[in-house]
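J.: Dropping a structure here in structure tokens format, bear with me for questions.
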Amino acid sequence: YDWIDEDRFDDANQISAANGKKGNLIAVRKNGLTGFINQQKKEIVAPVYEYAQVNYQEGISLICRNKKWGYIDENGKEIIPCQYDDAMQFYQGKALVSSNGSVLCLDINGNEISGCDEKLIKWEKSHELGDRGSFIKHR
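Heads up: the sequence shown begins at 353 in our numbering, then just goes up one per residue.
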């Protein structure tokens, strides 16, 4: 690997007030792509992601592969495929994603739902006005 998040070996379950729970997996990078290993340094997810969030929100992490966004769980399983143009972290079981110019609200199973709460609606309006809000597409 080109890089290993070495600080994580002693604190795999560290809580970060600002960013949520860190998962049990440790981020690694190889050839510019991110994957995950476990505490025993066994590869769990091969480095295939351009971006992988290392802090989990509600047990789910945001990922990007081939410029499309999706989500993995704390075990590294891709639970919502990388198919969205943009996405944000989960909050209270819901996340906003962008697909073909439309903003959608998803549940943790990837189903499109209605009833996004006030925080998500504010984020969507901010995005429509040109402010990136929580979107991280241009990292």
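C-beta atoms are modelled at their ideal positions from N, C-alpha and C, and glycine is treated no differently.
To the nearest angstrom, how far is the alpha carbon of residue 422 from that of residue 433?
T.: As a first step, residue 422 is located in the sequence shown; it is residue number 70 there, counting from the start. As a first step, residue 433 is located in the sequence shown; it is residue number 81 there, counting from the start. Roughly 5 Å separates the two Cα atoms.
J.: Select from 391, 456, 377 and 453 the residue whose C-alpha is nearest the C-alpha of residue 424.
T.: For the purposes of this step, residue 424 is taken as the residue at position 72 of the sequence shown. Residue 377 is the option with its Cα nearest to residue 424.
J.: Which one of 389, 383, 410 and 452 has the shortest CA to CA distance from residue 445?
T.: In the sequence shown, the residue the question calls residue 445 occupies position 93. Comparing Cα positions, the closest option is 410.
J.: Would you give the residue range spanned by the beta strand (DSSP E) that residue 353 belongs to?
T.: Walking along the sequence shown from the start, residue 353 turns up at place 1. Segment: none, residue 353 is in no beta strand (DSSP E) and carries neither H nor E.
J.: To the nearest angstrom, how far is it from the Cα of residue 368 to the Cα of residue 454?
T.: Here residue 368 corresponds to residue number 16 of the sequence shown, with the count starting at 1. Here residue 454 corresponds to residue number 102 of the sequence shown, with the count starting at 1. Bear in mind that the predicted position of residue 368 carries a pLDDT of just 39, short of 50, making it too unreliable to give a figure here.
J.: As an exercise, report each continuous beta strand (DSSP E) stretch of at least 3 residues that is fully enclosed by the segment 401 to 447, in chain order.
T.: Segments of the beta strand (DSSP E) lying fully in the segment 401 to 447: 412 to 417, 420 to 425 and 430 to 436.
J.: Can you tell me which of 353, 407, 450 and 439 puts its alpha carbon nearest to the alpha carbon of residue 395?
T.: Here the question's residue 395 lines up with position 43 in the sequence shown. Nearest of 353, 407, 450 and 439 to residue 395, Cα basis: 353.
J.: Using DSSP with H/G/I as helix, E/B as strand and the rest coil, what is residue 485?
T.: Residue numbering aside, residue 485 sits at position 133 when the sequence shown is read from its first letter. Only weak support exists for where residue 485 lies, its pLDDT of 42 falling under 50; the coordinates are left without a value.
J.: Taking 9 Å as the cut-off, decide whether the C-beta atoms of residue 426 and residue 413 are in contact.
T.: To locate residue 426, count along the sequence shown from 1; it is residue 74. To locate residue 413, count along the sequence shown from 1; it is residue 61. Contact: yes.
J.: What is the rounded straight-line gap between the Cα of residue 398 and the Cα of residue 466?
T.: Counting from 1 along the sequence shown, the entry for residue 398 is found at position 46. Counting from 1 along the sequence shown, the entry for residue 466 is found at position 114. In a straight line, the C-alpha of residue 398 is about 34 Å away from that of residue 466.
J.: Please classify residue 428 as buried or exposed, where buried requires at least 16 other C-beta atoms within 10 Å of its C-beta.
T.: Counting from one through the sequence shown, the residue named residue 428 turns up at place 76. Per the 10 Å Cβ criterion, buried.
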